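Heads up: the sequence shown runs through residues 1 to 267, numbered per the UniProt record's numbering.
Glycine included, every Cβ here is placed at the ideal spot set by N, Cα and C.
If you're wondering where the values come from, they're calculated on a predicted model, not measured in any experiment.
Down below is the structure, laid out as structure tokens.
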Amino acid sequence: MNELNIQELVKVAEAYEQLLAPALFTEWTPRLADAADIQEGQHVLDVACGTGVLARVVAERVGRNGSVSGVDVNPGMLAVANRIAPAVEWREGDAESLLYANDSFDAVLSQFGLMLFAAPIIALQEMRRVLKPGGHLAVAVFGSLEDLPAYGAIANVYEHQVGKAVGDALRMPFSMGDPDTLASVFASAGITSAAIRMEEGMARFSSVRNMVLADVKGWFPFAGIHLNEDTIEAVVEEAETVLEAFQTDSGAVEFRVPVHIITATKS
């Protein structure tokens, strides 16, 4: 990430907001808010908030008497988030070292960030620390790649066309999909009352090309991966074949997405 200046980070974050968020993330924001039982007047923290997809929904629910804070390590994400929803308090920082006092929030949420943290156990400990007694924690994590054959297929395309490191970059967000592993991580963080349930949603990209571009423009640059146009075209061409089973008559790509929602209440 340090290789990109702030203007480049903002450009990538804009692609994330336009291409990746509506196709993959937006559907889950009301579900996670429901899981955390967000109520009017509450003070809520969104960890790894990105461009604020979840925080914006939460802000509507807590209303004027409540407040929402969003924290993310990426200043480009935060710049886009602030542009869209300036009423939310956006703060740059690591999930493993939250800059908030103990017992600060009625609810703490994190949507599809846990598997990307350098130290997920420490991040969960921090989320619990800033949560008020009786407050609700809600975390969403993608299911395993074995249950997402569309992403498994396209990860293999990247590995074939570019290299294993790029394929693995696409596999990373699905690396904590095993429920036993999740339970162990939460228990190691001292969150012994965590309840894990599987829910299913749908990913919808308008075309194979846009599915490829969502990662090429909205995810890979954050991981230091930059593909030239010839490589992108080669990826799209092969992806058109391997994703044929997931395409509709209009050329859109649609597939089921299993997600673990983990909830806990601080004692």
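Check                                                                                                            : Outcome
First and last residue of the uninterrupted beta strand (DSSP E) at Val105                                       : Just to set this straight, residue 105 is Phe in the shown sequence, not Val. It spans Phe105 to Gln111 - the beta strand (DSSP E) in which Phe105 sits, taken as one unbroken run.
Cutoff 8 Å; reference Thr231; Cβ partners in own chain excluding five residues on either side                    : Gln161 and Val162
Euclidean distance between Cα positions of Tyr158 and Ser267                                                     : 45 Å
Phe142 versus Ala123, Met172, Pro120 and Pro75, residue with shortest Cα-Cα distance                             : Met172
Where Ser267 sits in the DSSP three-state scheme                                                                 : coil
Chain C within 8 Å of Ser184, Cβ atoms only                                                                      : Among the chains in the structure shown there is no chain C, since it carries only a single protein chain.
Anticipated Cβ contact below 8 Å, Val71 with Arg56, distance rounded                                             : With a Cβ gap of about 15 Å, Val71 and Arg56 do not count as contacting.
Proximity to Phe25 [Cα-Cα], best of Ser206, Leu145, Glu237 and Gly52                                             : Gly52
Beta-ladder partner(s) of Val139, from DSSP                                                                      : Ser110 and Ile262
Asn228 to Glu27 span [Cα, whole Å]                                                                               : 31 Å
Spatial neighbours of Glu14 in its chain, beta-carbon cut-off 7 Å, leaving aside the 5 residues before and after : Val80
According to DSSP, residues forming a beta bridge with Ile196                                                    : Ile262
Straight-line Cα distance separating Val68 from Leu98                                                            : 15 Å
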